[in-house]
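Asker: Count along the sequence shown from 1, add 4, and you get the number used in our numbering.
Cβ atoms here follow ideal geometry from the backbone N, Cα and C, with glycine treated the same way.
Note that the coordinates shown come from a computational prediction; the quantities given were computed from them, not determined experimentally.
Here it is, the structure, as C-alpha cells.
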Amino acid sequence: MHHYASQLIDLLLVLVAAWMVPATIFIAYAYFARLKHPVSESVFGRLLITSLFIITTAIWLPIIAAAITLSLIGHLWSRSRENRARS
Numbered sequence: 005m006h007h008y009a010s011q012l013i014d015l016l017l018v019l020v021a022a023w024m025v026p027a028t029i030f031i032a033y034a035y036f037a038r039l040k041h042p043v044s045e046s047v048f049g050r051l052l053i054t055s056l057f058i059i060t061t062a063i064w065l066p067i068i069a070a071a072i073t074l075s076l077i078g079h080l081w082s083r084s085r086e087n088r089a090r091s
C-alpha cells in the first residue's frame, strides 16, 4: 500500500509543477504588462486557465474513474461472496 501512496504523492507533485511553471510566467507577464484583470484582459490568461483545467482533468479524472471502478468491483465481489456463502 505504501507504494501506491508514494505514486499518488508523485502524481500530485507533477500536477503542482505543471501548474506552477505557466502560472509563474503568467504572473510575471501580468505584472510587467500592468494588467488590472489579467485573465479577462489577455488571451494568454484565458489560455492558461484552460490549460490548467485540461492538465487537472487529465491527471485526476483517471484516478477518480479508477477508484470508482475498483470500489464497484470490490462491492460486487463482496456481494457475490456473501451470496455464495448463504447457499
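Are residue 42 and residue 57 close, meaning C-beta to C-beta below 8 Å?
Answerer: The answer is no: Cβ separation not under 8 Å.
Asker: Kindly indicate which residue of 26, 83, 71 has the alpha-carbon position closest to the one of residue 51.
Answerer: The shortest Cα separation from residue 51 among 26, 83, 71 belongs to 26.
Asker: For my contact list, residue 19 and residue 59 are in at a C-beta cut-off of 8 Å; report their separation, rounded to the angstrom.
Answerer: Indeed they touch by this definition, with Cβ atoms about 7 Å apart.
Asker: CA-CA distance, residue 91 and residue 69?
Answerer: Cα to Cα, the separation comes out at about 33 Å.
Asker: Please state whether DSSP places residue 46 in a helix, a strand or coil.
Answerer: Three-state DSSP puts residue 46 in coil, outside helix and strand.
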